[in-house]
Amino acid sequence: MNMTEFLEIVRLTDVGQRRDHNEDTIASDIELGLVVLADGMGGYKAGEVASEIATLTIVAELKESMLSLEPGLVDAVSEMQAESQLVIDAVAKANESIYSVSQSQPQCAGMGTTLVVGLFTNNKLLAGHIGDSRMYRLRQGELVQITEDHSLLQEQLNSGLITPEQAKFSNNKNLVTRALGIDPEVELELHEHDVLPDDIYLLCSDGLSDLVPDEEISETLGTLSANLELAANQLIQMANDNGGKDNISVILVKVLKPFPVERTWYNNFFNWLK
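The UniProt record's numbering applies: residue 1 is where the sequence shown begins, and numbers increase by one.
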C-alpha cells in the first residue's frame, strides 16, 4: 500500500561542525510507512558502513517479507503481531550482516550502530530502537520521548544515582549499553503506539538530542508543523549553532489522516488474490 495520502515524511542529515564524514544513515519507504535511522560507531569510517548496512538491510527485508507474507499467517495471528515479528526478523538480519562483516574485515572490527525504526500501520506505530537514537511524538502541543535510551546515563537516571539536571552535564552521554552488530545477537526494544491525525513523529540521532533541549525541539515542531522541510532544516541548524559536535540526523513524520486496517497493505494484497 502506498501511504503517501496518509503520511508526510521528511528526512535530513548533516555532518555537523566537527566531523569530517557522516556516520549517520537515514531511510524511508512511503509505500510501507517505514522510517529508519542509524548512528554508526567504530574505527575509521566503519561506523558509516554499519549504519548503511542496517538501513539498507531493514528496508529491503521488510519490503520483501511484507509483500510475501503468507495468508495463513495473518489468519493465525493478529496483523500487528505478524508485522512486529517481521520488524524483529529484519533487525536480526541486519545485526547478523553487520557482525559478519566486522568479523571478516579487520578495518571494520568492532563496528556497530544505534537504530530507531518506525512502521506505521492500522492507525498504529510500531516503534523499535537499540541504543540512544530516539523517537519523539508531538501531539496537541506536547512533546513526549517514546523511546528510552539504552545507555549508561539512562541507567544512572533510572536508578536515581543522578538527577536529570546532572545528566545534562554528564560525561557518560555517549556510552550506549546496547548496539546493533556488536554481538551475534541483540534485542530490539519494540512497542506499539496509537496514532492520531496531526501527530508529528521525530526520529533523531544524539547529534540533535544532546545539543538541542526538548523544549526547543517542541517549540520548533509546533511552530513549523505546517512545513516539515523547514522544521527539519531548523533543527539541524539549531544543533550546529550549539556546537555541532556530532553528525545530526532527523526524520519527521506527520500523520495526515487515519489509515485503518481495511486500507492496510495486506488487505489490498489478499483482495487482489481473490
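The beta-carbon is built from N, C-alpha and C at its ideal position, and this holds for glycine as well.
None of these values were measured; they are calculated from a predicted model.
Q) Are the Cβ atoms of R134 and T147 separated by less than 7 Å? A) yes
**Q.** Three-state secondary structure (DSSP) of V35
**A.** strand
(Q) Quick check: what's the CA-CA separation for K93 versus T57? (A) 7 Å
**Q.** Three-state secondary structure (DSSP) of D214
**A.** helix
Q: Could you tell me which residues DSSP puts in a beta bridge with H150?
A: None, per the DSSP bridge assignment.
**Q.** Three-way DSSP call (helix, strand, coil) for N225 in this model
**A.** Before going further, note that residue 225 is Ser rather than Asn in the sequence given. Correct three-state label for S225: coil.
Q) Where does Q234 sit, in a helix, a strand or coil, going by DSSP? A) helix
**Q.** CB contact below 7 Å: P258 versus chain B
**A.** No chain B appears in the structure shown, which is made up of a single protein chain.
Q. Looking at the structure shown, is L73 part of a helix, part of a strand, or coil, going by DSSP?
A. Unreliable placement is indicated for L73, whose pLDDT of 47 sits below 50; the coordinate value is still reported in the next sentence. Three-state DSSP puts L73 in a helix.
(Q) I need the straight-line Cα distance from L143 to A109, nearest angstrom please. (A) 38 Å
Q. Roughly how many angstroms separate the alpha carbons of V77 and G118, rounded to a whole number?
A. Legend: pLDDT at V77 = 45, less than 50; position of this residue unreliable, no value from coordinates given.
Q.
Using C-beta distances below 6 Å, list every residue in its chain close to V101, excluding the 5 sequence neighbours before and after it, in chain order.
A. C108
Q.
Please return the same chain residues whose Cβ sits closer than 7 Å to the Cβ of H21, not counting the five positions on each side in sequence.
A. V15, K45 and E48
Q: Give the DSSP-derived three-state secondary structure of V91 in the structure shown.
A: helix
Q.
Distance check for N158 and K173, CA to CA, integer angstroms please.
A. 14 Å
Q.
If contacts are defined as beta-carbon pairs under 8 Å, then residue 299 and S218 qualify, I think. What distance do you get, rounded to the angstrom?
A. The chain is shown from 1 up to 274; residue 299 falls before or after that span and cannot be answered.
Q. Is it true that the segment 160–172 meets the segment 193–209, where meeting means three or more beta-carbon pairs spaced less than 8 Å apart?
A. no
Q: Report the three-state DSSP secondary structure of Q145 (helix, strand or coil).
A: strand
(Q) Which same chain residues end up closer than 6 Å to D29 when comparing Cβ atoms and leaving out the 5 residues on each side of it in sequence? (A) V59
Q: Would you mind stating whether A232 and L62 have Cβ atoms separated by less than 7 Å?
A: no
Q. What do you reckon, are the CB atoms on V87 and L37 nearer than 7 Å?
A. no
Q. Count the other CB atoms within 10 Å of the CB of E185; is the residue buried (16 or more) or exposed (fewer)?
A. exposed
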